[in-house]
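To start, the structure itself, in structure tokens.
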Amino acid sequence: AQSVSQHNHHVILSEAASLELGCNYSYGGTVNLFWYVQYPGQHLQLLLKYFSGDPLVKGIKGFEAEFIKSKFSFNLRKPSVQWSDTAEYFCAVTLENTGKLIFGQGTTLQVKP
Amino acid sequence: NAGVTQTPKFQVLKTGQSMTLQCAQDMNHEYMSWYRQDPGMGLRLIHYSVGAGITDQGEVPNGYNVSRSTTEDFPLRLLSAAPSQTSVYFCATLKNRGQRVQYFGPGTRLTVT
């Protein structure tokens, strides 16, 4: 069965530190890749997405992610985090044309001011 | 456009009670789905629908029923609530199966005692 794995369950950083959250998926076919963010008390928002083309994608609020097909990975990065980035981050995958989202377990990011 | 709306926002049930979580969308999206969010498990697909009159099971369908009589509405029914169904429930829509970005509602927090 297809699955998505996020390596870090809880990350604590100080402001201005760099962030990298790992995401791996298991599926050999064509996938669409997403990172969603859920700020405290709010619903899911799309952070960035990858469908095809340049494997380095940029999203909102200075986030970026790199798709490495050979590693089945889609890691999220931000050079310098802010306190307002405190949230839960979810990696998700859809198998092309199925419309079903498969989520990772989520990573809680806490940024200390 | 209101987008995706969910009611209620919060609900407390006793074991054995029944209730319906409502999801409505005004974007004329064909595809609708229900997810539940549990700590450390990400979001898991409960049921989904690719159009009015068509529903199918997701990853965790047991204990839930759905129907899709109109394009706009996709209610989720708990026939006999159990404590294991304590969770946050999200409805999501997709314009059609060929599109790739899903839109999430604000969620319903359900507690079963």
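As you go down the protein sequences, you meet chains A and B in turn. Counting in the working numbering, the first sequence runs from 350 upward without gaps. Counting in the working numbering, the second sequence runs from 74 upward without gaps. Idealized CB from N, CA, C, for every residue including glycine. From a predicted model like this one, the values you see are computed outputs, not experimental measurements.
(request) Flag this pair as yes or no: are the beta carbons of B:A125 and B:S142 separated by less than 8 Å? (result) Cβ atoms of B:A125 and B:S142: closer than 8 Å.
(request) Identify the contact partners of A:N381 in chain B, using a Cβ-Cβ distance below 8 Å as the criterion. (result) What A:N381 touches in chain B: R173.
(request) Whole angstroms is fine: what's the gap from A:Q391's alpha carbon to B:E103's? (result) Looking at the two C-alpha atoms, the distance is approximately 25 Å.
(message) Give me the chain A residues within the contact set of B:M114, using Cβ-Cβ distance strictly less than 9 Å, ordered along the chain.
(response) The answer, in chain order, is F452, Q454 and G455.
(request) Measure the alpha-carbon distance for A:Q454 versus B:D146 and round it to whole angstroms. (result) For A:Q454 and B:D146, the gap between their C-alpha atoms comes out near 28 Å.
(request) With DSSP as the reference, label A:K407 as helix, strand or coil. (result) The three-state secondary structure of A:K407, taken from DSSP, is strand.
(request) Answer with buried or exposed for A:F383, where buried requires no fewer than 16 other C-beta atoms within 10 angstroms of its C-beta. (result) The residue in question, A:F383, is buried, as its Cβ has 16 or more Cβ neighbours within 10 Å.
(message) Using a 10 Å radius around the Cβ and a threshold of 16 neighbouring Cβ atoms, would you call B:I127 buried or exposed?
(response) Residue burial annotation: B:I127 is exposed, with fewer than 16 other C-beta atoms found within 10 angstroms of its C-beta.
(request) Determine, using beta carbons only, whether A:H356 comes closer than 8 Å to chain B. (result) So, not an interface residue.
(request) Please name the residue or residues paired with B:A165 in a DSSP beta bridge. (result) In DSSP, B:A165 forms a bridge with B:S106 and B:F177.
(request) Could you work out which residues of chain B lie near A:L370, taking near to mean beta carbons separated by less than 7 Å? (result) Simply none; closest approach about 13 Å.
(message) Taking 8 Å as the threshold (beta carbon to beta carbon), is B:Y121 in contact with chain A?
(response) B:Y121 belongs to the set of residues whose beta carbon lies under 8 Å from a beta carbon in chain A.
(message) Assuming A:K398 is part of the beta strand (DSSP E), what are its boundary residues?
(response) For A:K398, the enclosing beta strand (DSSP E) starts and ends at Q394 to Y399.
(request) On a CA-only basis, which of B:R173, B:R182 and B:T144 is nearest A:T379? Give me that one, please. (result) The candidate whose alpha carbon is nearest that of A:T379 is B:R173.
(request) Check the Cβ-Cβ distances between B:L149 and every residue of chain A, and say whether any is below 8 Å. (result) No, its Cβ sits nowhere closer than 8 Å to a Cβ of chain A.
(message) Do A:L393 and A:Q387 count as a contact pair if the criterion is CB distance below 8 Å?
(response) Cβ atoms of A:Q387 and A:L393: closer than 8 Å.
(message) What does the alpha-carbon distance come out to for the pair A:L405 and A:E437?
(response) It is roughly 22 Å from the alpha-carbon of A:L405 to the alpha-carbon of A:E437.
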